[in-house]
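Colleague: The structure's right below; bear with me while I get my questions together.
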Amino acid sequence: MEMIKVDNLHKTFKLKLKTIKALNGMSFDVKRGEILGFLGPNGAGKSTTIKIIMDLVRADSGTAFINSLKSTNPDSRLRVGFMPENPQYYDTITGMDLLKFAASMFSVKDAGKKAHKLLDEFELTEFADVKLRKYSKGMIQRIGFAAALIHDPDILILDEPMGGLDPVGRMIFKNKMKELNKSGVTIFFSSHIIPDIEDICSRVLIVKQGKTIKQFDRVDIQYLTTYGFNIILRKEDEKNLNLNENEISKGLYSIKCKKDELIEKIEAIENSSAKIVDIEPLKKSLEDIFIEILND
Amino acid sequence: MALIKLTIKHLIFDRIFLVLASFVLLFAFIPVFSYFSMRQLQEISITTSLTLNSFILLLMTLFGGTLVMWRDIERKYTYTVLSYPITRTNFILSKFFSLIIILFVITIINFAASIVVIHISASLYKSTLPILWLNIFAAFFMEFLKYTLLLGFIFLFASFSTSFFTPVFSTIAVFIAGNASQGIYDYIMKGSNELSHFSKLAAKLVYYVLPNFSSFDLISYAAYSLPIHIQSIVYTSVYFLLYLGAVLSLSIAVFNKRDFS
Amino acid sequence: MKKPLILCVLFISILTIFFPYFSKDMRSRPLFEKLGYTPHGKFYRAILGEFRWFMGDYLSFKSIIYYGGNVDKIKQGKFKDVEFYNLFETIQTSILLNPYNEDAYYFAQAAFTWNIGHAKDVNRLLKYVAKYRTWDFLPPFFIGFNYAYFLKDYDKAAVYYKKASAISHSELFTNLAARYFYEGGRTELGISYLKMMIKITRKKSVKKVYEIRLKALDAIYKIEQAIKKYEHKYHKKPQSIKELLNAGFLDEIPKDPYGGKFYIDKKGKVQTTSKLTFVKRKG
Chain B
1 MEMIKVDNLH KTFKLKLKTI KALNGMSFDV KRGEILGFLG PNGAGKSTTI KIIMDLVRAD
61 SGTAFINSLK STNPDSRLRV GFMPENPQYY DTITGMDLLK FAASMFSVKD AGKKAHKLLD
121 EFELTEFADV KLRKYSKGMI QRIGFAAALI HDPDILILDE PMGGLDPVGR MIFKNKMKEL
181 NKSGVTIFFS SHIIPDIEDI CSRVLIVKQG KTIKQFDRVD IQYLTTYGFN IILRKEDEKN
241 LNLNENEISK GLYSIKCKKD ELIEKIEAIE NSSAKIVDIE PLKKSLEDIF IEILND
Chain C
1001 MALIKLTIKH LIFDRIFLVL ASFVLLFAFI PVFSYFSMRQ LQEISITTSL TLNSFILLLM
1061 TLFGGTLVMW RDIERKYTYT VLSYPITRTN FILSKFFSLI IILFVITIIN FAASIVVIHI
1121 SASLYKSTLP ILWLNIFAAF FMEFLKYTLL LGFIFLFASF STSFFTPVFS TIAVFIAGNA
1181 SQGIYDYIMK GSNELSHFSK LAAKLVYYVL PNFSSFDLIS YAAYSLPIHI QSIVYTSVYF
1241 LLYLGAVLSL SIAVFNKRDF S
Chain W
2001 MKKPLILCVL FISILTIFFP YFSKDMRSRP LFEKLGYTPH GKFYRAILGE FRWFMGDYLS
2061 FKSIIYYGGN VDKIKQGKFK DVEFYNLFET IQTSILLNPY NEDAYYFAQA AFTWNIGHAK
2121 DVNRLLKYVA KYRTWDFLPP FFIGFNYAYF LKDYDKAAVY YKKASAISHS ELFTNLAARY
2181 FYEGGRTELG ISYLKMMIKI TRKKSVKKVY EIRLKALDAI YKIEQAIKKY EHKYHKKPQS
2241 IKELLNAGFL DEIPKDPYGG KFYIDKKGKV QTTSKLTFVK RKG
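Here is the structure:
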């Protein structure tokens, strides 16, 4: 059952003299309970897609649905928590005001209690009554995240939620997202920071030039990131196996091989006197894969 | 409702807004100003009170309108607000009502201040004219309606423009044209027959399209205690409602089509 | 999304139907007719909207303050040092912007009739004002006085004095008219006018101007009365004021508050070397 369905979106922006084709047949689903990462370079159409889902931008053609409701219907956003990229809030109000305002927009009961709990979770309790114009960028992002959670949403849509955060802030956000996901919240977020996605996503969509070009689930990610293996073996004698083994310490050798060479190598070793001690996968980062895909 | 509350809260803590609001203090100078008059202190104080109110409302309308519409879009406050489960119609109307609530409160404050000020000035020199408080109130109220209509224009221009200048200057242009339309129309219609039928028709068309702000001007009626016909008030109010309805629904239609990217 | 557009069209259609009624109502309101005045005034009026009333008041203040600051020069007869032309233009604009403005016409009457000899122009302004200030007897009273005293058009003066009477519900003005116009008591007419003006004037600087003028007219009146007595007794006109003094009709030669000296001209009229009072009146 999909929480969000994006069906063949097209969008062209007109900027003074030139027209920019932002979306070119963007389609995908977000399934219940998953954390879906939306990965792509700047200008690939991530933000535009998210804005169409949030009805901030209207598509030229194609439709987006949230919970089977068209995104142009405001009711589709009732169970959605949203945080835009670089969120901006009325800066003359306090953090507490913002949470209470968000609560009232969703008609949340006992807003005060929930607001206090969220402020506590995001370590903002002491800034509750400070005006937002005095908040740092990281604090704004935290209060924005808190505001998106005030109504216990079923779906979280976050546009570059960790952009501009320091490593500690990132950790807090990631942990919070994992925790929310465990309690059943579906999360859809965009990012161009690959480690963030790699760490927490159950699925990744890669977009380029206004459409999704690849998608990976957790297993795919595991598979794709392993480009080869390192076989550690112990040899009783000094005899060369002709397998390009390197001695790493006395009697211990390592052999590096490509993914598809593994079986072949193992068989070769087993036919010799050497014994396999360990096999560890050689990982390359998602980033490299990402670049490979984009260059295809 | 929450959006109205938030908008008002946000506005009244804004620095520019506070500066504008402090213009209310200028009321204190009206008795001094009217003292320059030879023989019409009371009339001058009424005219000046209404003019000051009009001036404050004009600035509030221009700045408030741009703060609420242009800056919200510019600073991307709209991203958050429109992502809540509300319609854009609801958004525009909430913003609009927040501002007219503020304009109304300011008008009432100004009216209260003028009551004091006019009493002081009138006590300095006995005028031959009575003070008709109902006329004065009607004049204040009509000014409020006038600027509400002008606010509608800011919303209309801000709903399709991304720049700061377009809505402000277009609105000022509408304000001036709307003030002048009646006078120019009268001049053309009463004036010489040299003008061709076509240009008279064109003048008529422009006169119909532009907002007729002179109909909201009751200052002379208030200051010189002239009788106000109820019919004029009713007609102007009906005109106000219809015109505002047209302007606002057009703004909503435009705003509904807009992309926030 | 089409609903607002439909609503907009609906509002516009109702507005179109309603507009003729609205426009008819606007026509029935006192509208502001054009005067043959400066385009400035008209231009201001067009763009100022409801700020015109205040601007009108403000311009008349400006004129009054300027005049007040130059009262000494005016007293000394240095009219060339005073920007009378600009002053008159300003007052004219002020009246065009706010025809109800009492200060403006009052000031025009005070400043431009006696010395400057613009009684005709002032009357034009006053007639414009009278159209608006329908409750005010002063504009027709001023017009009447200007016609009688400065322009010597007694028929027109009588018409306006009658109007002033009708508005004030008092026979005073018609009586005045009858008494002065037909008995040729021009000086007396001036004196009664000045006395009234002093009574109703609030500003001290303006009041002072009236008081000086009244003194001069009082002195002339005294001399004229003496001439009358002289003629009555000797059946000829006196050649000089000294003759009146010698004949005992005058205790002393009255002083001209403007600093000039009184004399009797060839026609037997009382004049003063300061000439201030009547300097341009004939032209």
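Protein chains in written order, with the numbering used here: chain B, 1 to 296; chain C, 1001 to 1261; chain W, 2001 to 2283.
Glycine included, each C-beta is placed from N, C-alpha and C at the ideal position.
1. Using the Cβ count rule (16 or more neighbours within 10 Å means buried), how would you classify V277/B?
2. Mapping the DSSP letters down to three states, classify Q141/B as helix, strand or coil.
3. Is the segment 1089-1101 of chain C touching the segment 1002-1011 of chain C in the sense that three or more CB pairs, one from each, lie closer than 8 angstroms?
4. Can you pull out the residues from the segment 1026-1038 of chain C whose beta carbon lies closer than 7 angstroms to at least one beta carbon of chain W?
5. Cβ of Q1040/C within 7 angstroms of Cβ of E2102/W?
6. Under 6 angstroms Cβ to Cβ from L39/B, same chain only, skipping five residues before and after it: list those, please.
7. Determine the chain C residues that contact Y2021/W at a beta-carbon separation under 8 angstroms, and present them in chain order.
8. What does A1224/C touch in chain W if you count any residue whose Cβ is under 7 angstroms from its own?
9. In the segment 35-68 of chain B, which residue ranges form an unbroken alpha helix (DSSP H) of at least 4 residues, counting only runs that do not cross its ends?
10. Whole-angstrom Cβ separation of I150/B and F188/B, contact assumed at under 8 angstroms?
11. Can you give me the start and stop residues for the beta strand (DSSP E) that K2242/W sits inside?
12. Spell out the partners DSSP gives Y253/B in its beta bridges.
13. Quick check on D60/B: buried or exposed, where buried means 16 or more other Cβ atoms within 10 Å of its Cβ?
14. Determine the DSSP secondary structure at I4/B, reduced to helix, strand or coil.
15. What does L78/B touch in chain C if you count any residue whose Cβ is under 7 angstroms from its own?
16. Exposed or buried, which one is H2118/W when buried takes at least 16 other CB atoms within 10 Å?
17. Does any C-beta atom of chain C lie closer than 7 angstroms to the C-beta of R2213/W?
18. Here's a check: name, in chain order, each residue in its chain whose Cβ is nearer than 8 angstroms to the Cβ of Q2239/W, leaving out the five neighbours to either side.
19. With a cut-off of 8 angstroms, do at least 3 Cβ pairs link the segment 125-144 of chain B to the segment 1022-1042 of chain C?
20. Spatial neighbours of L118/B within its chain, please: CB distance less than 7 angstroms, with the 5 preceding and 5 following residues excluded, ordered by chain position.
21. Is the shortest distance between the beta-carbon of A1002/C and the beta-carbons of chain B less than 7 angstroms?
22. Whole angstroms is fine: what's the gap from Y2067/W's alpha carbon to N2115/W's?
23. Can you list, in chain order, the residues of its chain whose CB lies under 7 angstroms from that of D2256/W, leaving out five sequence neighbours each side?
24. Among residues of its own chain, excluding the 5 on either side of T2090/W, which ones have a beta-carbon nearer than 6 angstroms to its beta-carbon?
25. Which chain B residues are close to S1214/C, counting only those with a beta carbon under 8 angstroms from its beta carbon?
26. Residues in its own chain within less than 6 angstroms of L2031/W by CB, not counting five upstream and five downstream?
27. Does the Cβ of S1127/C have 16 or more other Cβ atoms within 10 Å, making it buried, or fewer, making it exposed?
28. Does Q88/B get closer than 7 angstroms to chain C when you measure Cβ to Cβ?
29. For K259/B, which of helix, strand or coil comes out of DSSP?
30. Just checking my contact of S1170/C with F1157/C at CB under 8 angstroms: how many whole Å lie between their CB atoms?
31. Does any C-beta atom of chain B lie closer than 7 angstroms to the C-beta of F1260/C?
32. Should F1164/C be labelled buried (16 or more other beta-carbon atoms within 10 Å of its own) or exposed?
33. Mind checking if M105/B is an interface residue toward chain C, Cβ cutoff 7 angstroms exclusive?
34. In or out: L1134/C buried (at least 16 other Cβ within 10 Å) or exposed?
35. Could you compute how far the alpha carbon of Q1231/C sits from the alpha carbon of W2135/W?
36. Between Y2037/W and the rest of its own chain, which residues show a CB-CB distance below 7 angstroms, the 5 nearest in sequence each way excluded?
Modeller: In terms of the structure at hand:
1. exposed
2. helix
3. yes
4. F1036, S1037 and M1038
5. Contact flag set, yes.
6. Same-chain partners within the cutoff: I197, V204 and I206.
7. Y1235
8. According to the sequence shown, residue 1224/C is Tyr rather than Ala. Neighbours of Y1224/C on chain W, chain order: Y2100.
9. 46-53
10. About 19 angstroms; that fails the 8 angstroms criterion.
11. Taken as a continuous stretch (DSSP letters only), K2242/W belongs to no beta strand (DSSP E), being part of the alpha helix (DSSP H) at I2241 to A2247.
12. L233/B and E247/B
13. exposed
14. strand
15. P1085
16. buried
17. No - not a single Cβ of chain C is within 7 angstroms of the one on R2213/W.
18. I2264
19. no
20. L99, A146, L149 and I150
21. yes
22. 13 angstroms
23. Correct list, in chain order: A2216, A2219, F2262, T2272 and S2274.
24. L2059 and S2063
25. Those within 8 angstroms of S1214/C in chain B number zero; the least Cβ separation is about 37 angstroms.
26. Bear in mind that the predicted position of L2031/W carries a pLDDT of just 46, short of 50, making it too unreliable to give a figure here.
27. buried
28. yes
29. helix
30. 5 angstroms
31. Interface residue, yes.
32. exposed
33. yes
34. exposed
35. 23 angstroms
36. With a pLDDT of 40 at Y2037/W, under the threshold of 50, the modelled position of that residue is not reliable, and the figure given next carries that caveat. Contacts found: Q2092 and L2096.
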